[in-house]
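Anchor point for the sequence shown: position 3 equals 2 in numbering that gives the first Met the number 0, and the numbering is continuous, going up by one each time. We put the beta carbon where it would ideally sit given N, CA and C, even for glycine. For reference, the structure discussed in these notes is given below.
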Amino acid sequence: MSAREPLVSVMMPCFNAERTLPMALASLRAQTYDHWEAVVVDDGSTDRSSEILNAFGDDRLRVERFDTNRGRGAARHRCLEMARGDLLSFLDADDWLFPNKLSHQVTLMREHPEITVLGAACVITDATGEAVGQTRTDLGPNQELAIDRFDRLGPPPVGFPPCMVRMDDAQLAQFNPAFRRSQDSDFLLQVMLGKAYAMSATPLYAYSQAEAASLDKTLEGYRYRLRCYGQYTERYPLRSRTQMAKTVARMGVYKAASLLHAEQHLIARRWEELSPEAEKAFRDAKQTVVRAVGALREVS
């Protein structure tokens, strides 16, 4: 591979993820793009996570460990400080990357130097690891890529887990260590406001949202989002207050739905039905990554 290929830093906070960590690590090993580093912060795990990380056996993985659990905001911020790449990518310890994730996004970032953030589609998985849906991209039929500007304060127009960010822009922002939720959307707001971004229709990331989503976590995320918008009251006085009011309204809708035992229906509306193309891409990607898991176990 040419020395001119950009280095991709993949950040991964990890807390008590011994069950899912092998799949996440194997998806790194399975990447068709080789010029990456993974910066991992073990956020005070009390299970076998540290042992699994130490057994990975790849110099591209760099690990630091917190003595106590500080939360994802603190772990992500330390990952950002550790990163040395030209581009920044993300991987949660309970998710995994499609093998073409980095190569596909590096190509698009090189073809479109005007964009700061590149989003992609996620395949949503359930507690058994099976695909149950995909995230919405709002792209038209047969539209592979859309480029736009993010000029108005509001929810980031790309999902955090599968996106790629130019490091120069990422290092102008931070992950708030006090945010145990919504630190990802807070980060994207800092990075994206006033800049160009792109959304790709290609599914590149397996996201365990269906397992992790719950009413309590959703409401907690909204509470942190209120704090996030509150940071912009001087810069965007009207828009920030409007978004805060919308967030409070959404919280009310979820609370009302819980009384009717319908909150899971609302949560499931975050994604759409899996397309045949996305289902095949997921199946092929999973087969490759599962083989890589087996190879990791043989080595360890």
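When the options are compared against residue i, the one with the closest alpha-carbon
i      : options                       : result
Val122 : Ala145, Leu258, Glu278, Arg3  : Glu278
Ser44  : Tyr231, Thr136, Asn15         : Asn15
Gly132 : Ala284, Trp270, Gln30         : Trp270
Ala54  : Ala284, Ala25, Ser239, Pro140 : Ala25
Pro112 : Leu90, Leu86, Thr134          : Leu86
Asn68  : Glu272, Pro176, Val247        : Pro176
Arg109 : Arg3, His260, Leu218          : Arg3
Lys100 : Tyr204, Leu295, Ala255        : Tyr204
Leu218 : Cys227, Arg180, Gln173        : Arg180
Leu79  : Phe174, Thr241, Arg224        : Phe174
Arg165 : Thr106, Arg135, Gln208        : Thr106
Phe178 : Tyr206, Pro140, Leu225        : Leu225
Ala29  : Ser102, Ile51, Asp46          : Ser102
Gly153 : Met243, Trp35, Arg47, Asp41   : Met243
Thr127 : Glu276, Leu295, Arg18         : Arg18
Leu273 : Asp46, Arg135, Gly56          : Arg135
Asp215 : Asp57, Leu52, Ala256          : Ala256
Glu36  : Gly158, Leu52, Asp57          : Asp57
Pro140 : Arg234, Ala261, Glu276        : Glu276
Gln104 : Tyr223, Leu52, Met163, Arg151 : Met163
Environment of residue i [buried if 16+ CB atoms lie within 10 Å]
i      : result
Gly193 : exposed
Leu171 : exposed
Trp95  : buried
Pro202 : buried
Leu27  : buried
Asp185 : buried
Gly251 : exposed
Asp42  : buried
Gln142 : exposed
Ile146 : exposed
Thr31  : exposed
Gly293 : exposed
Leu52  : buried
Sub-8 angstroms separation of residue i and residue j beta-carbons
i      : j      : result
Ser239 : Gly229 : yes
Phe97  : Ala284 : yes
Gln182 : Arg249 : no
Ala200 : Leu117 : no
Leu60  : Val39  : yes
Arg316 : Ala195 : Any answer about residue 316 is impossible in this case: the structure gives the chain only from 0 up to 299.
Leu187 : Pro236 : no
Glu63  : Arg83  : no
Ser48  : Thr124 : no
Phe281 : Ala73  : no
Tyr221 : Thr246 : yes
Bridge-paired residues (DSSP) for residue i
i      : result
Cys121 : Tyr204
Phe186 : According to DSSP, which records beta bridges pairwise, Phe186 is partnered with nothing at all.
Cys13  : Asp41
Glu219 : Looking at the DSSP assignment, Glu219 forms no beta bridge with any residue, so it has no partner.
Arg64  : Asp41
Ile36  : As written in the sequence, residue 36 is Glu, which differs from the Ile given in the question. BP columns for Glu36 point to Ser8.
Whole-number beta carbon distance between residue j and residue i, since they are thought to touch under 8 angstroms
i      : j      : result
Arg71  : Pro12  : 5 angstroms
Ala92  : Leu20  : 5 angstroms
Ile115 : Asp168 : Residue 115 is actually Thr in this sequence, not Ile. That pair is a contact at about 5 angstroms.
Met10  : Phe65  : Contact doesn't hold; Cβ gap of about 14 angstroms is too wide.
Met22  : Val288 : 6 angstroms
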